[in-house]
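Chains as they are written, first to last, in our numbering: chain E, 18 to 262; chain H, 18 to 262.
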């Protein structure tokens, strides 16, 4: 099932795809998805960020087997950095060089705390493409990552949420800049998998509906400059495109 | 002027104090405060967290002159950790020892980015008491502070927002546990003052209406255990009380 949020003349609406229309629903996070009857053609609909997180977390150093030798670690990103498909990532020259990072993003569906591995599937609403934009020269001077991770538009997510992914731990990720492939990898390259991540994170804090976990970049980053376009494709989900300004 | 949010039979309401009543307003963040005409007696009203931040930042190492020798630094707290007066701070035995930290909290009133010192007063809605609860043994194993700062109820704020404070950089702070004073200090003990903090923060990210900046703990922390009560008083604002469970 494909869930999204679209812009309509009367405001943003949560929707589910029914063939060639987006069917408006009451609430993506309700136990049963209730359609209102309102529909919009898929063609021409403007997609927004598919969720509105209160909490956005990213996994630090989670890109290869060596990272399992140290404990998992996460950082928080400002919820104000979240943007949707087509919205601009705004670079600030003062922040230095910037990379886009293509990552599988988990969208949380319900309150989650102290999860066991068995409970993890039950709290995941679905999956989207995340771009953990990073001003990487700032990381070197701020180990909290507050300076590097929170520029305007630094967390593109979308284009939609796929609720059914057979193998989230083995999905191809491709990062293109201006149409040229810069990185190709798989979520199988992550040190800590999705279940381990959510067990770890919820042992320390509460996640809730709409929250996003960026699962880490398995060598899926690419340097960008203003005027370019970033396209991130994840197998089974789709392509998230954003201009860099 | 004193702004708050209160619980009413028909839901939470933003209010302003007019003598012995809380007068409901349309929006704390509107250019002009518009009263709806609905009022509630101050006596007996249940206060909620006075704002609903999307972004909560805390200043790291900001407690004395030596901290000016290193650059300012900030960390993000989950917006889901925010609670109001009287709500419980929930300790998780697995997280180890916990301290409360009494801090002056800035409540942002409008979108703020790349501020000059002169622009800072114009983006501040007001001031409240913040408690930057910290599981400090976790700080030692997670330099991102994600593990130490995000337990349930780890960011009490309130009891209300004072919009007029003559000297935010010289306010007495007192921290009491079960009524016994554990720490007394002043915001004058902060390394980087309020203006410097907001110039620094907004050079890296955007803040917006309702966001909270915890300005740092000038030696205003106290160890707490379940069953105790924390009272934090800041001169010119009031006292924020929370049970520890």
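Glycine residues also receive a C-beta, built at the ideal position from the N, C-alpha and C atoms.
Start and end residues, alpha helix (DSSP H) containing residue i
i	result
residue 326 of chain E	For chain E, the structure presents residues 18 to 262; residue 326 of chain E sits outside this window and is missing.
residue 139 of chain H	137-140
residue 180 of chain E	Note, residue 180 of chain E: premise wrong, no alpha helix (DSSP H); not H, not E.
residue 213 of chain H	211-219
residue 236 of chain H	Neither: residue 236 of chain H is in no alpha helix (DSSP H) and is coded neither H nor E.
residue 163 of chain E	163-166
Closer than 9 Å at the beta carbon, the chain E residues around residue i
i	result
residue 167 of chain H	72, 93, 221, 222, 223
C-beta neighbour in chain H for residue i, strict 8 Å
i	result
residue 157 of chain E	no
residue 164 of chain E	yes
residue 77 of chain E	yes
Chain-ordered chain E contacts of residue i [CB-CB under 7 Å]
i	result
residue 97 of chain H	71, 72, 223, 225
Interface residues of chain H facing residue i [CB-CB closer than 9 Å]
i	result
residue 160 of chain E	90, 160, 161
C-beta neighbour in chain E for residue i, strict 8 Å
i	result
residue 208 of chain H	no
Neighbour-count burial assignment, residue i, 16 or more Cβ in a 10 Å radius
i	result
residue 242 of chain E	exposed
residue 204 of chain H	buried
residue 20 of chain H	buried
residue 149 of chain E	buried
residue 114 of chain H	exposed
residue 122 of chain H	buried
residue 9 of chain E	Any property of residue 9 of chain E remains undetermined from this structure, which presents chain E solely from 18 to 262.
residue 131 of chain H	exposed
residue 104 of chain E	buried
residue 181 of chain H	exposed
residue 97 of chain H	buried
residue 221 of chain E	buried
residue 193 of chain E	buried
Contact test: residue i Cβ vs the ligand MN heavy atom, cutoff 7 Å
i	result
residue 117 of chain H	Ligands in the displayed structure: none, and consequently the ligand MN is not present.
Start-to-end residues for the beta strand (DSSP E) that takes in residue i
i	result
residue 198 of chain H	197-203
residue 94 of chain H	91-94
residue 34 of chain E	28-35
residue 247 of chain E	246-251
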